[in-house]
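One structure is given below, encoded as structure tokens.
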Amino acid sequence: MTDYKFVVGSSPHLRTSENTPRLMFYVLQALFLVAVASTILFGVRAMAIIGVSVLAALAAEALWQKGLRQPVTVADGSAAITGLLIAFNMPPLVPLWVPALGSAFAVIVVKQFFGGLGHNFMNPAAAGRAFLVSAWPLAMTSGWLTPFDGATSATPLQVLGGSSGSLPEGWQMLMGWRAGCIGETSALVILIGGLYLIYRQVIDWKIPASFIGTVALFAWVFGGTDGWFTGDVLTHVLSGGLLLGAFFMATDYVTSPVTKRGRLIMGLGCGLLTALIRLWGGYPEGVTYAILLMNVATPLIDRMTIPRPFGTRQTKVTG
Amino acid sequence: MEIIAILLGGVLINNLVFAQFLGLCPFVGVSKNVEMATGMSAAVLFVMTMAAGVTALLHSLVLDPYGLTYLETVTFILVISSLVQFVETFLRKASPVLHRSLGIYLPLITTNCAVMGAALISVRQGYGVGLSAVNGFAGALGWSLAIILFAGIRERLELASVPEALKGIPVALVTTGLMAIAFLGFQGLFRFLF
Amino acid sequence: MRNGFDGGVHPPHYKTHTEDVAIRSAREPEVVVIPLVQHLGAPCEATVKKGDVVDVGQVIGDASAFVSAPVHASVSGKVFKVEPRLHPALGKPVPAVIIESDGENRWHDSIEPRDAEDLTPEEIIRTMRTAGLVGLGGAAFPTAVKFSPPKDKPVDTFLLNGAECEPFLTADHRLMLEGTADILTGMRVMMRALGVTTGTICIEDNKPDALAAMEAACKDVPDIKVVSLKTRYPQGSEKQLIKSVLNRDVPPPPGLPMDVGVVVSNVSTAHALSRAFKTGMPLIERVVTVTGPAIAEPANLLVKIGTLFHQLIEECGGFEGNASRLIMGGPMMGIAQFSTDVPVIKGTSGILALGAEDEWDGEATACIKCGRCVDVCPMRLVPILISAYAEREWYEKAEQLYAADCLECGCCSFICPARRPLVQAIRMAKQHIMNQRRERQAAST
Amino acid sequence: MNLWRILTNGVVKENPVFRLLLGLCPLLAVTTALMNGFWMGVAVIFVLTSSNIIVSMLRKVIAPRIRIPCFIVIIATFVTIVQMTMNAYLPDMYEILGIFVPLIVVNCVILARAEAFASKNPVVSAAVDGIGMGLGFTIALMVLGGVREFFGTANLVINGQPLFDAPLFEPALIMIMPPGAFITMGVLLALLNVMVNRGRSGAGA
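Protein chains in written order, with this note's numbering: chain L, 1 to 319; chain V, 320 to 513; chain C, 514 to 958; chain S, 959 to 1163.
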């Protein structure tokens, strides 16, 4: 009997079977759907952008960790997710070195500088995109194509902002048949992927719901050309990177609040800022900046939304 | 309308920290935790609003009419340091409670180039006394927003495993840079106001 | 809605190993090791010495303190030694009385049945004390103390806890099926001791047969209700149970159920109380679930207090495969053992052996701030932050985040996808904070 | 003589920017180009050296209690001289540097040297310290300005003459915008830390 050597640890001795790589795998599954859709819509170019971006993200992470003699954790999937999301935010005609540099910046400066997975305060993909928009504005804000036919065209948000061109039909927007970044157009597929993640309990529905809801509300109230309450809600919701951002970027665990109320505030804030920038700002699209700004506020949101423990009726007087 | 434009501009678009590089020393120095950052912010709000108003008054009453604008630098810095002194003494007498909470931050403000900067900007923009005070207030509000957000992130970074070489100031600067990227989103906001 | 507490998790039940296995008596032990500390409160002093001959039910350790409970001999025979022995809950040697059984099972003269019907509350509480009753759910708080609420805290409701939310454990489940009548008798005595007129039996809905049995037994009893609770860990925790059934919030420590007019007791305790009246025998045996994937023939055993773990494991066919973890209690809050040479005590609800091949644990990786620990915390704490501060020994910050209110239920560690030892870190912080508070209190008085 | 040591102290060992992290505001604000950094540096060297000399000369005269206001007046006087001179001879550069020329008055490097060194040392040492510290500051300004200009415009302009005929690559505009300043400075400091640590561990081995 005494031959047995028991592991002695403190309770609990039981763990859930969900672990970080599995959660990342679910996200990758959902993003893979989007990647397939964008390849169908924009062809080989989309595939090339995705490939380069993901490879750059993986290579950047591996090289950095090798250089610092840290264990290489590319296998956890987080770098691949960043690479995919950066690729999805590229115009179809972007030069391939742009997503490569964006991924490298996202992984190294935004994530690894702060200690790697779990320690960054900003969503790497969103920050990477914002970096690219400021660094090479021309490459990032031109080169739009309509899917399949390869004709250059303005994006719906540019049209809403006053550029010449016509708005696609609602069903075309849903299927992704419109000009835009390669991964943001296929609304239906993004919706399916997002709902899959909610079903798998990977992401909290509160953030996408409050995010999209707030944008829709503001678009309806202030977005119209013939006075209040005449805005084109559907176009606003389906265009730009709103769905992609709401389901895949604003819900990033690391850079969104951990409390339930905090997540609701995160979504509301993202929606408010997106509407602000879209309707009255200098850029046609505000999703990325809205997410980044709320990332910046996340530590404070967490701080202010720490719940009162069970059984505490009044605020405890500390001292 | 102009007041709204100045406020929006000062807080979001031309943020002292993220767009104008003013007040960086205390921004990095007094942002270890949110409480300190809030205390400093209150002190800065107070002093900066007053300093911008008083220097604008000095400019429009004395320096400009008598062709003494070349004395701007000397007079402004003297006015600001004596103002800080005065505020400190006044607070100690008038409101010991407020003094206790703001007291330690007040001496640090003299070296806060944001105060002097806001005063200089106001004069250069040709604002009158009232608008100068609003401009000072807006600038201080933007600075406060920046430092409080920054302090929140730094509290979190305390728990992060930042690589050795980046620990402390380097990662603080990179953080500020990333925050500045986020604030770029406000560029061109409400352009019709300006 | 009857599942009103926040958070909680749904671990796999693993109860099928033993839920249909009837309780049987364990083999008579040749030696028993009876620790003199088996409860929360003041330790007992030995009242026997080496060489004394003792009978079953004889007091062998007692204390005069209010918060304490005496311990009794569970076999008849000779006291072999009084010396410190390894304690399964405290993890260190603690004074214990070791008795070599003579196999006669001779009852002590003082043991005689009593009728509980016309006893006053004071007499019932005195019997609880002399019978050495403690909470058999695991915490082992002296029952007599629990049933003596101060005058300024009126109790209006009594809950009988049959939730048994820990995976693997089925001792309470089997007892509800096989000792239904005794449980009801015990419950009525408890209600009389408190002077309350209504009582509720609370059972999780993953035990439909126990629910049915209790409901059938209470069919003609108007003052006792049976409620079915959603199966969710930690439903059986007192505070969560009260929230679920009565929607009352027990204040954080040092708040107790009696602060909201409630007393909660475990079904096994009620059963033991009933036996203490019926036979007169104090608490010398209890039902223990010996189970786990690394046990050959899992079973529910009626075990004499002081029986060593290895005897029981042998009796259940020994270890099967590669046993890597031995736990007293359930997997969520049980205490890991490094030796099988420890005795069953009053609080031992189960003996659980887990195999190495099952990945019960894993290497901790970086926290990804998913917030699941916050979502599942039944006390609405923020384990992610408390544990981070605790790991860095910033205990003031942990205290500001109410670390001291932690139940240690382990939901946060269970759910963590990065396998971080959250509750383990919080427990450390909590201990530190409690020590500091005690020191401060000692300094101020 | 230890004058050499005082000089190098300011440039290397106690470099006001890289080692002491003083004067961040003008450093980040004006370093969109190499030459901006250079002229800002020259202005700082002038103010720092002159104020150090005067402070050192008056160190036995000024009462300790009012020394700080006195220092500020001395510094502000020299800043005004710089402003007028630049306005007269380098109007374009004066325009580019903007409020950061008058803001030299609140540059912590200058007040710190007056307080910590000039008010305790003889005139020659104080002057050399001013030059050394000013040089250290200038070097930092030029390094940061050079890096940001090179990546932000894919070229370098020296004395009005571009170094290359055409941009070498697609310039990353963000480098000459505020985020670029912060991130570049952070990375430079980190690289410096790496170098110092290497040197130290190399010496220790």
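Glycine is no exception: its CB is placed at the ideal position from the N, C-alpha and C atoms.
All of these numbers come straight from a predicted model, not from anything done at the bench.
- Here the alpha carbons of L1126(S) and N89(L) stand approximately 27 angstroms from one another.
- About 4 angstroms separates the beta carbon of L300(L) from that of G471(V), a gap short enough to meet the 8 angstroms contact definition.
- Rounded to the nearest angstrom, the gap between the Cα atoms of K5(L) and F851(C) is 7 angstroms.
- At least one beta carbon of chain V lies nearer than 7 angstroms to the beta carbon of A901(C).
- With distances taken between CA atoms, M703(C) lies nearest to L786(C) out of G570(C), L786(C), D669(C), G749(C).
- With respect to the 7 angstroms criterion, G675(C) and M689(C) are classified as neighbours on the basis of their beta carbons.
- Secondary structure in the region 17-96 of chain L: no beta strand (DSSP E) run of 3 residues or longer lies completely within the stretch.
- Between the beta-carbon of M794(C) and that of S11(L) there is about 32 angstroms, and that puts the pair past the 8 angstroms contact cut.
- Between the region 80-99 of chain L and the region 175-184 of chain L, the count of C-beta pairs closer than 8 angstroms reaches three or more; the two stretches touch.
- Residue pairing from DSSP places R799(C) in a beta bridge opposite V816(C).
- The continuous alpha helix (DSSP H) containing I826(C) extends over residues 822-828.
- Nearest to P99(L) by alpha-carbon distance, out of T298(L), E169(L), A48(L), K260(L), is A48(L).
- Interface criterion met: the Cβ of L1131(S) is under 7 angstroms from a Cβ in chain L.
- Secondary structure of H530(C) (DSSP, three-state): coil.
- Straight through space, the alpha carbons of E474(V) and R308(L) are spaced by roughly 21 angstroms.
- Here N719(C) has H526, K528, T744 as same chain residues with Cβ atoms under 8 angstroms from its own Cβ, once five neighbours each way along the sequence are excluded.
- Per DSSP, reduced to three states, the secondary structure at R687(C) is helical.
- Within the model, the alpha-carbon separation for R45(L) versus M1051(S) is close to 46 angstroms.
- Interface flag for N1045(S) against chain V is unset, since no Cβ pair is found closer than 7 angstroms.
- 7 angstroms or more divides the Cβ of G1104(S) from the Cβ of V493(V).
- Straight-line measurement puts the Cα of I325(V) at about 38 angstroms from the Cα of W205(L).
- Around the beta carbon of A1076(S), a 10 Å sphere encloses 16 or more other beta carbons of the protein chains shown; the residue is thus reported as buried.
- A distance below 6 angstroms between beta-carbons, with the five flanking residues on each side excluded, links Y196(L) to the following residues of its chain, in chain order: A30.
- Straight through space, the alpha carbons of L63(L) and L1093(S) are spaced by roughly 37 angstroms.
- For the region 8-19 of chain L, the set of positions with a beta-carbon nearer than 9 angstroms to some beta-carbon of chain C reads V8, G9, S10, S11, P12, H13, L14, R15, T16, S17, E18, N19 in chain order.
- Cβ-Cβ distances below 7 angstroms link F337(V) to A465, M498, A499, F502 in the same chain, with the five nearest sequence neighbours on each side left out; the list follows chain order.
- Take the alpha-carbon of A849(C) and the one of S757(C): they are about 30 angstroms apart.
- When G863(C), T820(C), F790(C) are compared, the shortest CA-CA separation from E630(C) is found for F790(C).
- For the region 1032-1109 of chain S, the continuous alpha helix (DSSP H) assignments of 4+ residues that do not extend past its boundaries occur at 1049-1055, 1066-1074, in sequence order.
- Nearest to T73(L) by alpha-carbon distance, out of F32(L), A35(L), I50(L), G118(L), is G118(L).
- Nearest to G128(L) by alpha-carbon distance, out of I1032(S), R1158(S), P1137(S), is P1137(S).
- In the structure shown, S787(C) adopts helical secondary structure according to DSSP, grouped into three states.
- C880(C) carries a coil assignment under DSSP once its states are collapsed to helix, strand and coil.
- For A559(C), the three-state secondary structure derived from DSSP is strand.
- For the pair of segments examined, the region 1012-1022 of chain S was found not to touch the region 1040-1049 of chain S: the number of CB pairs separated by less than 8 angstroms stays below three.
- Under the Cβ criterion of 7 angstroms, I466(V) is not counted among the residues facing chain L.
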